[in-house]
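Notes follow the structure.
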C-alpha cells in the first residue's frame, strides 16, 4: 500500500494564512495537493484557486472519505485551536500517513504534537519573528536558521573585504564563517572560490554559527 502512494501528494488541513499560502505554492509547483477546510467562508474564498474540499478533519470518518491513506504528506495548518490541532494530528497518525507536518503556536503545543506522532513541527510566527529581528538589527538582507545554531545569511560585504579575493580575505580563519557564494549586481549567483573577488556592490551568501554570523555582519 505504501509503495503505491504518490510521494508528491500533499493534504493541507486548515486554509488560514499559513495553510492557504502553503497549498497555493504547492499547487503552483505542480504537486498533487488537496486543501481541507471546515469554514464555509474560507471555502468560498479559495474555491477555484486551489483544489479543496469542505470537511471536518477532526472526524476520522471524514478523513477516511477524503482518501487520506492515498497521501504521502499531510500538513496540519490549524494552530490557534489547540484541541482541533491535536485531534487532527492524532487522526493522521492513526491513518499512518508517512509524513506529518504540524503548525504549532508555542513550545508546549509543539511538544504535544511531537508526542502524539507528528514527524515535523513548525513555528511560522516564531520563525518569522526571529528572521525579521536579525534583518532589522544589522546589515543582513536575508536570514535562514537551520538546526543547532547553524544559519545561512545574505548580506552586503564589510568594507575590509572590498577589492580582495575570498582567499585573500581569509574570512573562515578570521571570523569562523564561510562565504558560500557571491552575486554581483545584475549577474547570476556564483559559488565562491579562493579566486572570487569581492566588490562593494556584491551580495554575499555566508554560512556558519549564528552568533559568529551576527558578529561578522555587524562589521562596518
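Numbering (full-length UniProt numbering), first residue to last: 1 to 220.
Virtual Cβ for every residue (Gly too), placed ideally from N, Cα, C.
Rounded separation between residue 142 and residue 183 - CA only: If you draw a straight line from the Cα of residue 142 to the Cα of residue 183, it is about 14 Å long.
What residue range does the alpha helix (DSSP H) around residue 209 cover? Not the alpha helix (DSSP H): residue 209 falls in the beta strand (DSSP E), residues 203-209.
Apply the 10 Å Cβ neighbour rule to residue 109 and answer buried if 16 or more other Cβ atoms are within range, or exposed otherwise. Answer is buried; the Cβ neighbour count reaches 16.
What does a CB cutoff of less than 7 Å around residue 145 pick up in its chain, not counting 5 residues either side in sequence? The residues are 130, 151, 210.
Cα-Cα separation between residue 192 and residue 206, rounded to whole angstroms: The straight-line gap from Cα to Cα measures roughly 10 Å.
Over what stretch of residues does the alpha helix (DSSP H) that includes residue 225 continue unbroken? Any answer about residue 225 is impossible in this case: the structure gives the chain only from 1 up to 220.
Indicate whether the contact test is met: 3 or more Cβ pairs, each with one atom in the stretch 159-167 and one in the stretch 184-204, closer than 8 Å. Yes: at least three Cβ pairs fall under 8 Å.
Based on the DSSP output, what are the partners of residue 101 in its beta bridges? According to DSSP, residue 101 bridges with 75, 120.
Of the choices 135, 97, 132, 140, whose alpha-carbon is the least far from that of residue 120? Residue 97 is the option with its Cα nearest to residue 120.
Contact belief for residue 68 with residue 11 at Cβ below 8 Å, rounded distance in angstroms: Going by Cβ atoms, the distance from residue 68 to residue 11 rounds to 6 Å, so yes, they are a contact pair.
Where the beta strand (DSSP E) through residue 142 begins and ends: Segment 140-145, the beta strand (DSSP E) holding residue 142.
Can you tell me where the beta strand (DSSP E) with residue 35 in it begins and where it stops? Residue 35 -> beta strand (DSSP E) spans 32-37.
Simplified DSSP assignment, three categories, for residue 197: Note: residue 197 maps to strand in three-state DSSP.
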